[in-house]
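Mind the numbering: the sequence shown is residues 1 to 214 in full-length UniProt numbering, read in order. Every residue gets a Cβ at the ideal spot worked out from N, C-alpha and C, and that includes glycine. For reference, the structure discussed in these notes is given below.
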Amino acid sequence: MSPVQAQTVSPAVVEASAPFAAFVAEASQRFGVPVAWIRALMRVESANNLRAVSPKGAMGLMQIMPDTWAYLRPRYRLGSDPFDPRDNIIAGTAYVRELYDRYGAPGFLAAYNAGPGRYDEYLANGRPLPVETRAYVAQLAPLVGGEAPPAVVTVAAADPLAWTRAPLFIGASDRGPSANSAHADAQSRNGDTAADANSTGGLFVSRREPAGPR
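Set out below in structure tokens:
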């Protein structure tokens, strides 16, 4: 077998063997968020460390803040452990979907990092975003581009406006740096590579269902 042949691996095989592949695939299908986006966030947020905790308390693979977890847990019928890899990935991906539906790309990245309240201030009066947030968006924006997620069916709250009353939309508290020192984040919630960008396909179209924070 030639060296080239030996190094050629099917993308499907790579994904199947990647960390938490089954949970990432489930979240991607459930919320219509590309696998590459989820993996990029996991890498930048926690370096794929399921026990990661930021200085401000963001938890797990997707670095979810306690208040955000408290909001997402009943909304998406999750368990009691925010560090459970499946539930953390589901919660983080659900939040990405809701923020995407609210802000589009790349705005959802700024809201995920700085918190939606803080990003709303930026949109409303031009208050500059934190340096860390600008660096975070610059790192991930090339991956997400301007694609839009497809319409999907999710388990949403009975009250379609419930998300507007969630704690993270009432005042903007900044989130601390994530476990990955390459990006410090100020998110109140609570990078896959360019090669991963190919797997996003032309996957995203606007969704009509109720959206909430995240």
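8 Å contact criterion, which residue i and residue j should meet: CB distance rounded
{"i": "residue 76", "j": "residue 94", "result": "5 Å"}
{"i": "residue 31", "j": "residue 86", "result": "The Cβ separation is near 14 Å, so there is no contact."}
{"i": "residue 141", "j": "residue 129", "result": "At roughly 13 Å, the Cβ-Cβ gap does not stay under 8 Å, so residue 141 and residue 129 are not in contact."}
{"i": "residue 89", "j": "residue 61", "result": "6 Å"}
{"i": "residue 119", "j": "residue 100", "result": "That belief does not hold up - the Cβ atoms of residue 119 and residue 100 are roughly 13 Å apart, past 8 Å."}
{"i": "residue 35", "j": "residue 28", "result": "5 Å"}
Pick from the options that is closest to residue i, judged by C-alpha positions
{"i": "residue 92", "options": "133, 113 and 18", "result": "113"}
{"i": "residue 42", "options": "63, 98, 109 and 116", "result": "63"}
{"i": "residue 108", "options": "78, 79, 143 and 67", "result": "143"}
{"i": "residue 50", "options": "119, 67, 81 and 134", "result": "81"}
{"i": "residue 106", "options": "54, 53 and 138", "result": "138"}
{"i": "residue 133", "options": "115, 36, 54 and 52", "result": "115"}
{"i": "residue 117", "options": "40, 68, 21 and 79", "result": "68"}
{"i": "residue 48", "options": "124, 74 and 21", "result": "21"}
Other residues of its chain near residue i: CB distance less than 6 Å, five sequence neighbours each side excluded
{"i": "residue 97", "result": "31 and 33"}
{"i": "residue 26", "result": "none"}
Contact with chain C by residue i, beta-carbon distance below 8 Å
{"i": "residue 68", "result": "Although the question refers to chain C, the structure presented lacks it and comprises just one protein chain."}
Beta-carbon proximity list for residue i, same chain, < 8 Å, skipping 5 on both sides
{"i": "residue 83", "result": "50, 51, 59 and 60"}
{"i": "residue 125", "result": "none"}
Own chain residues within Cβ distance below 7 Å of residue i, not counting five before or after
{"i": "residue 79", "result": "87"}
**Study point:** Length at least 4, wholly inside the stretch 3-78: the alpha helix (DSSP H) runs in chain order
**Key:** 3-7, 11-17, 21-31, 35-46 and 66-75
Check your understanding: Taking only runs of the alpha helix (DSSP H) that begin and end inside the stretch 80-127, which ones reach a length of at least 4 residues, in chain order?
Key -> 85-103, 107-114 and 116-125
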